[in-house]
Amino acid sequence: MPQSERHALVLGGGTMGVGIISMFLGGGWKVDVVSRSASTRDGLPAATARALRTMGKPEDISGLGTYATLEEAPWSKIDIVVETVTEDLPLKQKLFADMEKLSRPGVPLTSNSSSFPISEIGKGLATQDRMMGLHFFMPAHLIPLVEVVRSVHTDVALAEKVGAIMSELGKRPVQVKKDVIGFLGNRIQGALMREALWLIEEGVASPEDIDATVRLSFGFRYAAAGPITQKEHSGWDTTCAVAKIIWPDLSNADGPPPVLQRNVDQGRIGFKTKGGFFDWDDASIAKERARYERALSKCLEIFREEGIL
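Note that my numbering has the sequence shown beginning at -7, numbered continuously upward.
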């Protein structure tokens, strides 16, 4: 089937939703979006056009349709569903139960949840074999990787088919074969973040110097090679020796450190409140977002030159 005749349904039109919508539209798909918020629906055309422009794609949103309820969507045409609503387990469970009734048999029903296992979201439903996680990273229209997460019920062939669709759309899918909390990216990222925040909490280094250390040392290398391949370069004997010395001293905290909890309690949560570890205003937020997107776009150029994408 030509991509121009393929339809995706995205539930939710927030920041993540816009990126996913733009990915499909940029790949020639038609996209139907369900959002209960009238203001979100009204703002989607402009937000999607901006994302397409950032992707270097034509700002063609003629294939975009919006609906207020699931029942209004053109289910007879839908080939894949991606749920991106707020992290509310009962809400997701209800949506998947409704989608199971409304969708054609065999259509993949996927969730962008970054915390709830797909086995919990689909618990008790009859067609859990077609349910899987499809976890994007923000901004979804620029970050190339997407995690295809299987539960014990997920049809492996269907998960691989969804991965193939993502590849056709310019993404690099990874198959997460077990429904573990956090999947791959967030588990690895979480380990790094726990140590980074512990170092700030203990006064070892400033937030600025933590960022510089990651970006300009091993983070810089990771754009060229992942952690496993990089150690193939440097030697696992060294890694093994270092692990015996450093790993016993790493943080093993089972919750957020006080420095993070204080920020949250004080409402200092980043761009949304114009303050986190750093202070922000409208101008500095716009400047940082533009810089961030430029940097991501440059990395994409490198990956495409290497044939990774």
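Using N, Cα and C, we set each Cβ at its ideal position, and we do this for glycine too.
Residue interval of the beta strand (DSSP E) (run including M123)
Residue 123 sits at position 131 when you count from the first residue of the sequence shown. It spans 123 to 128 - the beta strand (DSSP E) in which M123 sits, taken as one unbroken run.
State buried or exposed for I157, treating a residue as buried only when at least 16 other CB atoms are found within 10 Å of its CB.
For the purposes of this step, residue 157 is identified with residue 165 of the sequence shown, where counting begins at 1. Looking at its Cβ environment, which holds 16 or more other Cβ atoms inside 10 Å, I157 is buried.
From S107, L81, V144, residue whose alpha carbon lies closest to that of I173
Within the sequence shown, numbered from 1, the residue matching residue 173 stands at position 181. Checked all of S107, L81, V144; the closest Cα to I173 is S107.
Take the Cβ of E298 as the centre, count every other Cβ of all protein chains shown within 10 Å, and call the residue buried at 16 or more, exposed below.
Sequence index remark: in the sequence shown, residue 298 carries index 306 (1-based). Classification for E298: exposed.
In angstroms with no decimal places, state the Cα-to-Cα distance between I110 and G267.
Indexing the sequence shown from 1 puts residue 110 at position 118. Indexing the sequence shown from 1 puts residue 267 at position 275. Going by the C-alpha atoms only, they are around 34 Å apart.
Going by C-alpha distance, which of G125, S276, A43, Y284 is nearest L17?
Translated into positions along the sequence shown, residue 17 becomes position 25. It is A43.
Would the segment 31 to 50 and the segment 67 to 78 be scored as touching if the rule is three or more Cβ pairs under 8 Å?
no
In this structure, what does DSSP give as the bridge partners for T102?
What you label residue 102 is simply residue 110 of the sequence shown in a count that begins at 1. Looking at the DSSP assignment, T102 forms a beta bridge with V74, M124.
As assigned by DSSP and simplified to three states, the class of Q258:
Here residue 258 corresponds to residue number 266 of the sequence shown, with the count starting at 1. Three-state result, Q258: coil.
Write down the C-beta distance between A183 and Q167 rounded to the nearest angstrom, noting that I regard them as a contact closer than 8 Å.
Stepping through the sequence shown from its first residue, residue 183 is reached at position 191. Stepping through the sequence shown from its first residue, residue 167 is reached at position 175. Their Cβ separation, rounded to whole angstroms, is 21 Å, which puts A183 and Q167 out of contact at 8 Å.
May I ask you to verify whether the segment 50 to 64 touches the segment 122 to 139, counting CB pairs closer than 8 Å and requiring at least 3?
no
Could you spell out where the alpha helix (DSSP H) holding A308 opens and where it closes?
This structure cannot speak to residue 308, because the chain is shown only from -7 to 301.
Please go through the same chain and pick out, in chain order, the residues whose beta-carbon is closer than 7 Å to the beta-carbon of T40, but skip the five residues on each side of it.
Residue 40 sits at position 48 when you count from the first residue of the sequence shown. Excluding positions up to five away in sequence, the list reads V10, I13, S14, L17, I53, L56.
Below 8 Å on the Cβ atoms is my guess for T61 versus E92; work out the distance and round it to an integer in Å.
Here the question's residue 61 lines up with position 69 in the sequence shown. Here the question's residue 92 lines up with position 100 in the sequence shown. With 8 Å as the limit, T61 and E92 do not qualify as a contact, their Cβ atoms being about 16 Å apart.
Nearest CA to the CA of L94: which residue from G35, G177, A65?
Numbered from 1 along the sequence shown, position 102 holds the residue referred to as residue 94. The shortest Cα separation from L94 among G35, G177, A65 belongs to A65.
Along the chain, where does the beta strand (DSSP E) containing T58 start, and where does it finish?
What you label residue 58 is simply residue 66 of the sequence shown in a count that begins at 1. Looking at the DSSP string, the run of the beta strand (DSSP E) that includes T58 is 56 to 59.
Closest by C-alpha distance to R28, when choosing among E63, P165, F175:
One-based indexing of the sequence shown puts residue 28 at position 36. Of the candidates E63, P165, F175, the one whose C-alpha sits nearest the C-alpha of R28 is E63.
How big is the Cα-Cα spacing for L161 and I261?
Here residue 161 is taken as the residue at index 169 of the sequence shown, counted from 1. Here residue 261 is taken as the residue at index 269 of the sequence shown, counted from 1. Looking at the two C-alpha atoms, the distance is approximately 33 Å.
Can you give me the start and stop residues for the beta strand (DSSP E) that L137 sits inside?
On the sequence shown, position 145 is the one that residue 137 refers to. First-last of the beta strand (DSSP E) with L137: 137 to 141.
Please work out which residues of its chain come closer than 8 Å, Cβ to Cβ, to F212, disregarding the five sequence neighbours upstream and downstream, and give them in chain order.
Here residue 212 refers to the residue found at position 220 when the sequence shown is read from its first residue. So the list is empty, once near-sequence residues are dropped.
So what's L94 in DSSP terms, helix, strand or just coil?
Within the sequence shown, residue 94 is the residue found at index 102, counting from 1. In this structure, L94 counts as helix in the three-state DSSP scheme.
Which partner residues of R164 appear in the DSSP bridge assignment?
The residue labelled residue 164 in the question sits at position 172 within the sequence shown. DSSP, once it has assigned bridges, lists L137 as partnering R164.
What's the C-alpha gap between P248 and G20?
The residue given as residue 248 occupies position 256 in the sequence shown. The residue given as residue 20 occupies position 28 in the sequence shown. Each residue's Cα considered, the two are about 42 Å apart.
Inter-residue spacing [alpha-carbon to alpha-carbon] between F269 and A149
In the sequence shown, residue 269 corresponds to position 277, counting from 1. In the sequence shown, residue 149 corresponds to position 157, counting from 1. Cα-Cα distance, rounded: 45 Å.
Counted within 10 angstroms of its Cβ, other Cβ atoms place T102 as buried (16 or more) or exposed
Position 110 of the sequence shown holds residue 102. Buried, by the Cβ-count rule.
What number of angstroms, rounded off, separates the C-alpha of E112 from the C-alpha of A89?
Translated into the one-based positions of the sequence shown, residue 112 becomes position 120. Translated into the one-based positions of the sequence shown, residue 89 becomes position 97. Looking at the two C-alpha atoms, the distance is approximately 12 Å.
V23 versus P219: straight-line alpha-carbon distance, rounded:
What you label residue 23 is simply residue 31 of the sequence shown in a count that begins at 1. What you label residue 219 is simply residue 227 of the sequence shown in a count that begins at 1. Their backbone Cα atoms lie some 36 Å apart in a straight line.
Just to confirm before moving on: does the CB-CB distance between A132 and I72 stay below 7 Å?
Against the sequence shown, residue 132 aligns to sequence position 140. Against the sequence shown, residue 72 aligns to sequence position 80. Cβ atoms of A132 and I72: not closer than 7 Å.
C-alpha gap between D229 and Y214, whole angstroms:
For the purposes of this step, residue 229 is identified with residue 237 of the sequence shown, where counting begins at 1. For the purposes of this step, residue 214 is identified with residue 222 of the sequence shown, where counting begins at 1. Their backbone Cα atoms lie some 20 Å apart in a straight line.
Inter-residue spacing [alpha-carbon to alpha-carbon] between P361 and V234
Nothing can be reported for residue 361, as the shown portion of the chain is limited to -7 through 301.
For F175, is the classification buried or exposed, using 16 other Cβ atoms within 10 angstroms of its Cβ as the cut-off for buried?
As a position in the sequence shown, residue 175 is number 183, starting the count at 1. When all chains shown are included, F175 counts as buried.
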